[in-house]
Amino acid sequence: MPTTTGTPSTLYGATRDELATAVNNVVGDVPRYRVDQLWTGLYDQLRPIEEISTLPAAMRVQLADHFPTELRAVTESASDGGDTVKFLWEIDGGARIETVLMVYRDRATVCVSSQAGCAMACGFCATGQAGFTRHLSTGEIVEQIVVAARRARAANTRVSNVVFMGMGEPMANLDAVWASVERIHGDLGLSARHITISTVGLIPGIRTLAQRPLPVNLAVSLHAANDAARDELVPINRRYPIDDLLEACAEYLDATHRRVSFEWALIDGVNDRDQDAAELAELCHRLRPRGHVNLIPLNPTPGYATRGTPPAGVERFRAALEQRKVNVTVRRNRGTDIDAACGQLAAGQPVRVQ
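Numbered by my numbering, the letters in the sequence shown go through residues -9 to 344 in order.
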């Protein structure tokens, strides 16, 4: 959001041209190469302003004073031998959000939040149980990725994948999400095939995304393959039922040629029966190429009493899908012990118990 002088008030929310204007407004007329040095320091070297040594010290002080960080660190939690790190941030207005960095042998993935809280009210998800506070700005989203990339570099790796699967519904904040996608694609050099945007099924957002120039991956949080069951698990289904959702997914495939994946949190006795696998397989076969399924054993949350499907049941469900010619992956849960796994992000907020 701009200040009254027209200078962007956030550092990571500014484009390169906007940042050039901001630097001149804050510091006075400076050579263009100083802006280039600032940009390189922020996005290539991943340094805070105070540590960009190519800039004069006085200039660093002026810029740091004018562009304070949007993410104020509250805590960091580590799991999996330090390979999973959860960042808890406080943002303007006092809301809190979380970001998760997962380091693997050959890559690192950052799971980024797009909202503080979530209005979609999925009962088995801690973020949905906590309710919605506000949208995040482009700068707040981009800064999450930059800080995670900085931490990954310290671990001698780099962020190779960004997934919008943290707190919030990305399609409900698509303008800021898309602006951040353009930034991490152009400024951090991440290809579209390594960026995934998830949704519970906001069809207008899917159709808008299909017309954007970067063909990112689409992940649909499905969790049930018939409307009666999905109405209960994912309440937005009452507005955007499965047949309409599948039509939008087919349009996305046609426009982008990117695989659509279906996320399926396996809940014991709720959506893990052979009948559920048969219904899910039928939906996958309605897409060409057919939809890919990511199975996620439900992670525990304080507001949802039903447990996740045990390992033997997960394996049976996976086999039932594969027998029906569906490509399926079982996601390995990371950071469950620090509430950093899928469906557990609530930023320490109280949740509604169902």
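For every residue, glycine included, the Cβ atom is placed at its ideal position computed from N, Cα and C. Just so it is clear, the structure is predicted and the values come from calculations on it, not from any experiment.
Residues that DSSP places opposite residue i in a beta bridge
{"i": "V136", "result": "DSSP, once it has assigned bridges, lists no residue as partnering V136."}
{"i": "S67", "result": "K76"}
{"i": "Q105", "result": "H125"}
{"i": "R86", "result": "E80"}
{"i": "I286", "result": "A255"}
{"i": "N151", "result": "T99"}
{"i": "I187", "result": "F154 and L208"}
{"i": "L91", "result": "V75 and V100"}
{"i": "G298", "result": "I257"}
{"i": "V250", "result": "L208"}
{"i": "R306", "result": "Its beta-bridge partners do not exist; DSSP assigns none."}
{"i": "R353", "result": "This structure does not reach residue 353, given that the chain is present from -9 up to 344, and the question cannot be answered."}
7 Å Cβ shell around residue i - same chain, five flanking residues per side excluded
{"i": "L212", "result": "F252, E253 and W254"}
{"i": "L1", "result": "F57 and G129"}
{"i": "R6", "result": "W29"}
{"i": "I257", "result": "F114, L288, T296, G298 and T299"}
{"i": "N227", "result": "G191, D217, R220 and D221"}
{"i": "R308", "result": "L285, V318 and V320"}
{"i": "P301", "result": "none"}
Cβ separation of residue i and residue j, assumed to be a contact under 8 Å, to the nearest whole Å
{"i": "Q27", "j": "I39", "result": "Actually they do not touch by this definition, with Cβ atoms about 11 Å apart."}
{"i": "Y373", "j": "L192", "result": "Nothing can be reported for residue 373, as the shown portion of the chain is limited to -9 through 344."}
{"i": "V167", "j": "S104", "result": "5 Å"}
{"i": "Y33", "j": "D177", "result": "5 Å"}
{"i": "P279", "j": "R249", "result": "7 Å"}
{"i": "R95", "j": "V64", "result": "Wrong, their Cβ atoms sit about 30 Å apart, outside the cutoff."}
{"i": "C239", "j": "L277", "result": "6 Å"}
{"i": "R22", "j": "G31", "result": "Not confirmed; about 15 Å, so no contact."}
{"i": "A98", "j": "A142", "result": "4 Å"}
Close beta carbons around residue i, own chain, < 6 Å, minus the five adjacent residues each side
{"i": "N317", "result": "H282"}
{"i": "M155", "result": "C101 and S188"}
{"i": "C112", "result": "G118 and V224"}
{"i": "A144", "result": "none"}
{"i": "L273", "result": "A215"}
{"i": "A209", "result": "T186, S188, S251 and E253"}
{"i": "V17", "result": "M49 and Q52"}
{"i": "H275", "result": "none"}
{"i": "P46", "result": "none"}
{"i": "L236", "result": "R276"}
Enclosing alpha helix (DSSP H) for residue i [first to last residue]
{"i": "N15", "result": "R6 to V17"}
{"i": "Y291", "result": "First, the amino acid is wrong: residue 291 is Thr here, not Tyr. Per DSSP, T291 belongs to no alpha helix (DSSP H) and is neither H nor E."}
{"i": "T117", "result": "A116 to A120"}
{"i": "D217", "result": "D217 to L223"}
{"i": "P194", "result": "I193 to A200"}
{"i": "A111", "result": "Note, A111: premise wrong, no alpha helix (DSSP H); not H, not E."}
{"i": "L164", "result": "L164 to G176"}
{"i": "D26", "result": "R22 to W29"}
{"i": "R278", "result": "Element bounds for R278: n/a, residue is neither H nor E."}
Boundaries (first-last residue) of the beta strand (DSSP E) holding residue i
{"i": "A209", "result": "N207 to S211"}
{"i": "T319", "result": "V318 to V320"}
Residue i: CB within 6 Å of a non-hydrogen atom of the ligand FMN
{"i": "P287", "result": "Among the components of this structure there are no ligands whatsoever, and the ligand FMN is therefore not found."}
Residues near residue i in its chain [Cβ-Cβ closer than 8 Å; skip 5 each side]
{"i": "V137", "result": "L61, F77 and T89"}
{"i": "V25", "result": "R6, L9, A10 and V13"}
{"i": "E159", "result": "S104, Q105, C108, A109, M110, T189, V190 and L192"}
{"i": "I81", "result": "E60, L61, R62, I87, A106, L126 and E130"}
Residue i at chain C interface by Cβ criterion, 7 Å
{"i": "E8", "result": "In the structure shown, chain C does not exist; there is a single protein chain."}
### Query
Quick check: the stretch 164 to 183 against the stretch 193 to 205, are there 3 or more CB pairs under 8 Å?
The way I'd put it, the stretch 164 to 183 does touch the stretch 193 to 205; three or more beta-carbon pairs between them come closer than 8 Å.
Is it the case that the stretch 162 to 178 contacts the stretch 121 to 130, given that we only count it when at least three CB pairs across the two stretches are under 8 Å? Judged by Cβ distances under 8 Å, the stretch 121 to 130 makes contact with the stretch 162 to 178, as three or more pairs qualify.
contact_flag[the stretch 168 to 179, the stretch 127 to 136] where n(CB pairs < 8 Å) is 3 or more:
These segments touch.
Are the stretch 139 to 150 and the stretch 186 to 194 touching, with three or more C-beta to C-beta distances below 8 Å?
Short answer: they don't touch.
With contact counted as at least three CB pairs below 8 Å, one residue from each stretch, are the stretch 266 to 275 and the stretch 213 to 221 in contact?
-> Because the criterion of three Cβ pairs below 8 Å is met, the stretch 266 to 275 and the stretch 213 to 221 touch.
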